[in-house]
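Number of protein chains: 2
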Amino acid sequence: MARRQPTLVEVAQHARVSLATASRVLNGSNRRVGEELRHRVVVAATELGYLVNASAQALARSASPVVGLLVHDIADPYFSSIAAGVSRVAEDRGLVVVLGVTGREADRELSLLSTLRAHRARAVVLAGSRTTESLHTERLSTEMVAFMEQGGRVACISQDRLPVHTVVPANQDGARALASRLAELGHRRFGILAGPADLVSAVDRTAGFLEGLASRDDALPEPVLVHGAFTRDGGYQSTREMLARDSDITCLFAVNDVMATGAMAAIRDQGLRVPADLSVAGFDDIPTLRDLVPSLSTVRLPLEQMGEQAARLAFGDQPIRGTRTVRTRAEVVLRQSTAPPPR
Amino acid sequence: MARRQPTLVEVAQHARVSLATASRVLNGSNRRVGEELRHRVVVAATELGYLVNASAQALARSASPVVGLLVHDIADPYFSSIAAGVSRVAEDRGLVVVLGVTGREADRELSLLSTLRAHRARAVVLAGSRTTESLHTERLSTEMVAFMEQGGRVACISQDRLPVHTVVPANQDGARALASRLAELGHRRFGILAGPADLVSAVDRTAGFLEGLASRDDALPEPVLVHGAFTRDGGYQSTREMLARDSDITCLFAVNDVMATGAMAAIRDQGLRVPADLSVAGFDDIPTLRDLVPSLSTVRLPLEQMGEQAARLAFGDQPIRGTRTVRTRAEVVLRQSTAPPPR
DNA sequence: CGCAGGGCGGAAAGTGCTTTCCCAACCATT
DNA sequence: AATGGTTGGGAAAGCACTTTCCGCCCTGCG
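These protein sequences, in sequence, are chains A and B.
Here the first sequence is numbered in this note's numbering, starting from 1 and rising by one per residue.
Here the second sequence is numbered in this note's numbering, starting from 1001 and rising by one per residue.
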């Protein structure tokens, strides 16, 4: 069953040339090979069905075409959009993408990074912010430094207080702008589905939103914060909790669209209407969620582009000096899920 | 910057043992090593920060931990759900997942497969059905046979008339069951957003739906078919076309949920209501789309599980004799987007 | 006509690991 | 005490490539 693949030696013998010549013809080199021999080699390779052994090549060249992409959850549309961007850039450059799914577990993240390091991966893109938990950040930092010392390049998506190239969405600014726009609509009492208390982007978005409210001339009442999982169900739960706790709220801000989706479901299940009884806004502008009804007001992040940018930072032809931070614009998109408050 | 990684020889020297012993301690072997030496090696490795070179290991063992996952579009929730399943199984087994995005291009698919072959990948999962175009199927078949002859294992998701293990969703049965249920609701004139005319699963679902209608005692009028892209926008376009062409339709079946989403948008944009004026049903039951309003009637496919099953077929510990076909159940889920026809 | 230099082919030395094979040492039998 | 079997360490032969270095031949120039 498992037939041996022909090797380069065999091709060379078949073509009656040296190993060196065969290598130069088939796998590229800056040295030219005469027409006659070149042709013989190509023919021999085709006849034998030769295909280079990538491991051997990587070893001999001491350079591998592998790059890594680490995401928390590939089924989450946020990450899969980013993955699409990263993968496009990688494939354009003939790189091989290794996908790692961390499940938001610090240990898995470290072990995946170490696997990538064992493969002498060229670069790695880490998507999704990590928690503020410092022990982990430190271990991650160590592992990343090791990776970079071995010549690997790293880019992160989402701020991480890590010493690497980063593509940061304007979490804070976006949330601030959103807050202003919602306040302009007339809302005064806000609820915030703040997500996990230790997740950097959730924290930033919450902070930005609070800032946006605080920066107004009129003093608004303190918003109600509920923490919960960064998922659809987390949004659902948090919303139930929020509604049980305080019913004066007229506008709910969920720190991401997926949570906002859960929120809308929870609100409906309570017999309330969006936006008539309660406005809802999210963050991210996930493409798949653009057809919700009522359509979700949110802050648009160019997810695929962010993936591409991170990829270029990490895979770019010439290494970038220092650590670059690319900030992506975040644009408020008000749709049907937000309206002036009732009454 | 790019510091050389310590090699196993260096570790062995540092621990004053032979290369063989170091290898046995650090990278596993069925031979035991005495406590004393074992300890010396471990200490030396930690001190030097040794990390095995995966390429060298793969070369020496002539076995690589790499498996491939080929999808058409990773941003599509259908594929990202499958990817989550595949990736979970792979990581459980310590395999490294290489993600390839084909963009539905035959050539990319072949070249990705060949890259995987060059890496001597253990196995590959091909997700998403290909077109019925025979030339490509043939070339793909050749490449896959080559892959299998070199000891690689293959599993497909979605029927492909290819000689490999396959996880097939009950496209035809599911669509047939859906058709019956919709007809029972009282619908008589159906429109079908049939997707690309040459895409196997689209064709199967359309065929199943037609069968379901034809199998009834009462003779229903011929459904209206519109072909178009397998995407949200494809669904939107096709629906506009359909509505322009025939306005007697009371129920629209889109061959996947993403198209159904576009359909609902198009219907709304025409000033019609779902399901009051027109019922809509999809296929797949994409998790992210479960919160649409009105909630979408569809046929549920256990996507993550399908990914896991395919992965087990492909990565399973003992090779499977013959080619196994696992059929997954497809369950009709009627929600709010379908109702008895108006009048 | 002599010689420098460019072009091109090949021998061979890596690249970092696994694994076979050999051997020494040690234990338990007869 | 001789024998046989087991255990664990090491030397060295792969694994499939790349690339350096050497040398040949041919060309062109003085």
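Glycine residues also receive a C-beta, built at the ideal position from the N, C-alpha and C atoms.
Bear in mind that the values here come from a model prediction, so they are computed numbers and not experimental data.
Q: Determine which residues share a DSSP beta bridge with T1166/B and list them.
A: On the second sequence, residue 1166/B is found 166 positions in, with the first residue counted as 1. Answer by DSSP bridge pairing, in chain order: C1156/B and T1325/B.
Q | Option nearest R16/A by Cα separation, candidates V164/A, E304/A and V41/A | A | Taking the first residue of the first sequence as position 1, residue 16/A is located at position 16. Out of V164/A, E304/A and V41/A, V41/A has the C-alpha closest to the C-alpha of R16/A.
Q | Residue interval of the beta strand (DSSP E) (run including V255/A) | A | Working through the first sequence from its first residue, we reach residue 255/A at position 255. Counting along the chain, V255/A falls outside any beta strand (DSSP E), and DSSP gives it neither H nor E.
Q: From the DSSP output, in three-state form, read off I1192/B for me.
A: In the second sequence, counting from the first residue as 1, residue 1192/B sits at position 192. Correct three-state label for I1192/B: strand.
(Q) Less than 6 angstroms between C-beta atoms, sequence neighbours within five positions excluded: which residues of the same chain meet that for P1153/B? (A) Counting from one through the second sequence, the residue named residue 1153/B turns up at place 153. The sequence given here has Arg at residue 1153/B, not Pro. Correct list, in chain order: A1123 and A1314.
**Q.** Under 9 angstroms by beta carbon: chain B residues contacting N27/A
**A.** Mapped onto the first sequence, residue 27/A falls at position 27. Ordered by position in chain B, no residue passes the 9 angstroms Cβ test against N27/A, which lies about 10 angstroms from the chain.
Q: Following the continuous alpha helix (DSSP H) through R971/B, name the residue where it begins and the one where it ends.
A: What is shown of chain B runs 1001 to 1343, which leaves residue 971/B out entirely.
Q: Mark I157/A as exposed unless 16 or more other C-beta atoms lie within 10 angstroms of its C-beta, in which case mark it buried.
A: Indexing the first sequence from 1 puts residue 157/A at position 157. I157/A should be labelled buried.
**Q.** Residues near R1277/B in its chain [Cβ-Cβ closer than 7 angstroms; skip 5 each side]
**A.** What you label residue 1277/B is simply residue 277 of the second sequence in a count that begins at 1. Checking the sequence, you will find Asp at residue 1277/B rather than Arg. So the list reads P1342, once near-sequence residues are dropped.
Q: Output the distance between the C-alpha atoms of F1190/B and H187/A, rounded to the nearest integer angstrom.
A: Start at 1 with the first residue of the second sequence, and residue 1190/B comes out as number 190. Start at 1 with the first residue of the first sequence, and residue 187/A comes out as number 187. F1190/B and H187/A have their C-alpha atoms spaced approximately 45 angstroms apart.
(Q) If you reduce the DSSP assignment to three classes, tell me which class G1212/B lands in. (A) As a working mapping, residue 1212/B is identified with position 212 in the second sequence. In this structure, G1212/B counts as helix in the three-state DSSP scheme.
**Q.** L225/A - partner residues in DSSP beta bridges
**A.** Taking the first residue of the first sequence as 1, we reach residue 225/A at position 225. According to DSSP, L225/A bridges with I192/A.
Q.
Suppose you measure from the CA of Q1309/B to the CA of P223/A; what does that come to, to the nearest Å?
A. On the second sequence, residue 1309/B is found 309 positions in, with the first residue counted as 1. On the first sequence, residue 223/A is found 223 positions in, with the first residue counted as 1. Taking the straight line joining both Cα atoms gives about 46 angstroms.
Q | Segment contact, 8 angstroms Cβ cut-off, at least three pairs: the region 1050 to 1063 of chain B with the region 1024 to 1035 of chain B | A | yes
**Q.** Buried or exposed by the 16-neighbour rule on C-beta atoms within 10 Å, applied to E36/A
**A.** Residue 36/A sits at position 36 when you count from the first residue of the first sequence. The residue in question, E36/A, is exposed, as its Cβ has fewer than 16 Cβ neighbours within 10 Å.
(Q) For a cutoff of 7 angstroms on Cβ pairs, would you count R188/A as touching chain B? (A) To locate residue 188/A, count along the first sequence from 1; it is residue 188. Output row for R188/A: interface = no.
(Q) Let me see if you follow: with CB-CB separation under 7 angstroms, is H119/A close to chain B or not? (A) Numbered from 1 along the first sequence, position 119 holds the residue referred to as residue 119/A. So, interface residue.
(Q) I'd like the list of long-range same chain contacts for R268/A, defined as Cβ closer than 8 angstroms, with 5 residues on each side in sequence excluded. (A) Locating residue 268/A in the first sequence gives position 268, where the first residue counts as 1. Cβ neighbours of R268/A beyond the five flanking positions: V274.
Q: Step through the CB atoms of chain A and report whether any lies within less than 7 angstroms of the CB of Q1318/B.
A: Locating residue 1318/B in the second sequence gives position 318, where the first residue counts as 1. Q1318/B does not count as touching chain A.
Q: Taking C-beta pairs closer than 9 angstroms, name the residues in chain B that R32/A reaches, listed in chain order.
A: Taking the first sequence and counting its residues from 1, one reaches residue 32/A at position 32. Under the 9 angstroms cutoff, chain B gives no residues; its nearest Cβ is about 24 angstroms from R32/A.
Q) How would you list, in chain order, the residues of chain A whose beta-carbon sits under 8 angstroms from the beta-carbon of T1115/B? A) If you number the second sequence from 1, residue 1115/B lands on position 115. Ordered by position in chain A, the residues that pass the 8 angstroms Cβ test against T1115/B are A54 and V96.
Q.
Can you tell me which residues form a DSSP beta bridge with R1245/B?
A. Numbered from its first residue, the second sequence carries residue 1245/B at position 245. R1245/B pairs with nothing; no bridge assigned.
Q.
Alpha carbons only, please: which of R1031/B, T1046/B and A1121/B is nearest the one belonging to A1012/B?
A. By 1-based counting over the second sequence, the position of residue 1012/B is 12. Looking at the Cα atoms, T1046/B is the closest of the given residues.
Q. What are the residues that DSSP puts in a beta bridge with G350/A?
A. Limits of chain A in this structure are 1 at one end and 343 at the other, which puts residue 350/A out of reach.
Q. What residues from chain A crowd round S1279/B, counting only those whose CB sits closer than 9 angstroms?
A. Counting from one through the second sequence, the residue named residue 1279/B turns up at place 279. Correct list: empty, because the minimum Cβ distance to chain A is about 16 angstroms.
Q. How close, in whole Å, do the beta carbons of R1240/B and A1266/B come, if the pair is a contact with beta carbons under 8 angstroms?
A. As a working note, residue 1240/B is residue 240 in the second sequence. As a working note, residue 1266/B is residue 266 in the second sequence. With 8 angstroms as the limit, R1240/B and A1266/B qualify as a contact, their Cβ atoms being about 5 angstroms apart.
Q) Does the region 1289 to 1298 of chain B come close enough to the region 1314 to 1327 of chain B that 3 or more CB-CB pairs lie under 8 angstroms? A) no
(Q) So that I know if they touch, is there some Cβ in chain B lying closer than 7 angstroms to that of S81/A? (A) Taking the first residue of the first sequence as 1, we reach residue 81/A at position 81. Answer yes: the Cβ-Cβ gap between S81/A and chain B drops below 7 angstroms somewhere.
Q | Residues near R216/A by beta carbon distance below 8 angstroms, same chain, minus five either side | A | Here residue 216/A refers to the residue found at position 216 when the first sequence is read from its first residue. Cβ within range, chain order: S180 and A183.
Q: Could you name the residues of chain A that S1087/B contacts, counting a contact when the two beta carbons are closer than 9 angstroms?
A: To locate residue 1087/B, count along the second sequence from 1; it is residue 87. The answer, in chain order, is I74, L99, G100 and V101.
Q) Leaving out five residues before and five after C251/A in sequence, what residues of the same chain have Cβ atoms less than 6 angstroms from its Cβ? A) Start at 1 with the first residue of the first sequence, and residue 251/A comes out as number 251. Closer than 6 angstroms at Cβ, skipping near neighbours: L182, H187, F190 and S279.
Q. Would the region 167 to 177 of chain A and the region 300 to 309 of chain A be scored as touching if the rule is three or more Cβ pairs under 8 angstroms?
A. yes
Q) Based on the DSSP secondary-structure assignment, which residues constitute the bridge partners of T1298/B? A) To locate residue 1298/B, count along the second sequence from 1; it is residue 298. T1298/B pairs with V1333/B.
Q) Taking Cβ-Cβ distances shorter than 7 angstroms, what residues in chain A pair up with L1213/B? A) Counted from its first residue, the second sequence places residue 1213/B at position 213. Residues of chain A passing the Cβ test: none, with the nearest at roughly 27 angstroms.
Q. Around the Cβ of L1008/B, are there at least 16 other Cβ atoms within 10 angstroms (buried) or fewer (exposed)?
A. Reading the second sequence from its first residue, position 8 is the one you call residue 1008/B. Burial call: buried.
Q. How about S1064/B and R1117/B: are their beta carbons less than 7 angstroms apart?
A. Numbered from 1 along the second sequence, position 64 holds the residue referred to as residue 1064/B. Numbered from 1 along the second sequence, position 117 holds the residue referred to as residue 1117/B. Going by C-beta atoms, S1064/B is not nearer than 7 angstroms to R1117/B.
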